[in-house]
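Below is one structure, written out as structure tokens; the observations come after it.
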Amino acid sequence: MNIKAVIFDMDGLLVDNEIHWHGVERRLCKQLRLSSDQVSAKELLGKNLNDITKVFQQYNPTITFEEVYAFYDHEADIVYTKQSNLLPGAQTLLDLLYEKGVTMAIASSSPRRWIDLVVERFALQKYFAHLFSTQSMNLPGKPDPAVYNACINELGFPKEHIAIFEDSFVGIQAAKASGALAIAVPDKRWSHGDYSVADIILDSLELVTEELLFNNR
């Protein structure tokens, strides 16, 4: 393969923040008088706020999307600007791809404002040509491949020359359905599902090599 463009998920893939979002979810459960056993963190992983709202509504039908959005968005500034860090291997991989002239994009379930917080916090502006949000673009959430299809169309490269990195099960399903190379980097702390659907499974971004992406075979 000879990769010309790479699309990254954000939360839990580039940024190590899932543990902090789990804390937010536990606080929301407490506010709604739900037990954390009722709403599983794995059930929410990789989903946008529309789909997260639907999960909470199964247990508390009175909660609205606006309430869920406001709760998460209030916490987002702390999660992204104070608590989050890049995951091991992320910066090295971004530098490698940048040096190789690979076009890069983020396609996240998070709102665009949150993506911008991450890009600004870690000074990632030069790396990413495109930033896509299922939430802000009103696209179906993952596992629907809509956000990846939109990103691929914008990138303008054949699918066989595009790689997508994902950590969540719904995300890797979306990546695979898009027709691009689907690379799973699941976090064993939160991940669930059969990741064998992925083309490649890695334990860490630290394991991505030049040969893996640019072997030209």
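Heads up: the sequence shown begins at 15 in the working numbering, then just goes up one per residue. Even for Gly, the Cβ is constructed at its ideal location relative to N, Cα and C.
Kindly give me the distance between the Cβ atoms of residue i and residue j, rounded to whole angstroms, as I take these residues to be in contact under 8 Å.
i, j, result
"Ile176", "Leu195", "7 Å"
"Asn163", "Ser192", "6 Å"
"Thr212", "Ile186", "Per the sequence shown, residue 212 should be read as Ala rather than Thr. That belief holds up - the Cβ atoms of Ala212 and Ile186 are roughly 5 Å apart, short of 8 Å."
"Pro172", "Gln149", "That pair is no contact at about 28 Å."
"Val69", "Glu57", "6 Å"
On the DSSP bridge assignment, give the partners of residue i in chain order.
i, result
"Glu180", "Ala198"
"His144", "Ala119"
"Gln58", "Inspection of the sequence shows that residue 58 is occupied by Leu rather than by Gln. DSSP lists no partner for Leu58."
"Asp25", "Val29"
"Ile215", "Ala198"
Where does the unbroken beta strand (DSSP E) through residue i begin, and where does it stop?
i, result
"Thr106", "That residue, Thr106, is in no beta strand (DSSP E); its alpha helix (DSSP H) goes Ala104 to Glu113."
With respect to the alpha helix (DSSP H) encompassing residue i, which residues constitute its N-terminal and C-terminal limits?
i, result
"Ala90", "Phe79 to Ile92"
"Ile21", "That residue, Ile21, is in no alpha helix (DSSP H); its beta strand (DSSP E) goes Ala19 to Phe22."
"His36", "Glu32 to Gln45"
"Trp128", "Arg126 to Arg135"
Hey, how far is the Cα of residue i from the Cα of residue j?
i, j, result
"Glu184", "Lys156", "Checking the sequence shown, residue 184 turns out to be Val, not Glu. Their backbone Cα atoms lie some 6 Å apart in a straight line."
"Asp217", "Leu100", "15 Å"
"Thr106", "Val222", "10 Å"
"Gln292", "Val133", "An answer regarding residue 292 cannot be provided, because it is not within the stretch 15 to 231 covered by the chain."
"Leu59", "Trp204", "8 Å"
"Glu220", "Arg127", "28 Å"
"Asp111", "Asn31", "According to the sequence provided, residue 111 is Leu. The question's Asp does not apply to it. Computed Cα separation, rounded: 23 Å."
"His34", "Gly103", "20 Å"
"Met151", "Asp65", "14 Å"
"His88", "Gln71", "20 Å"
"His206", "Tyr73", "21 Å"
Closer than 8 Å to a non-hydrogen atom of the ligand FMN - does that hold for the CB of residue i?
i, result
"Ala143", "The ligand FMN is not part of this structure, which contains no ligands at all."
Three-pair Cβ contact test at 8 Å for the region 23-30 versus the region 167-187: They touch, by the three-pair rule.
Contact the region 127-143 vs the region 111-119: 3+ CB pairs below 8 Å: Taking 8 Å as the limit for Cβ pairs, the verdict is that the region 111-119 does touch the region 127-143.
For the pair the region 42-54 and the region 92-107, tell me if three or more CB-CB distances fall below 8 Å. Flag = no, the region 42-54 and the region 92-107 do not touch.
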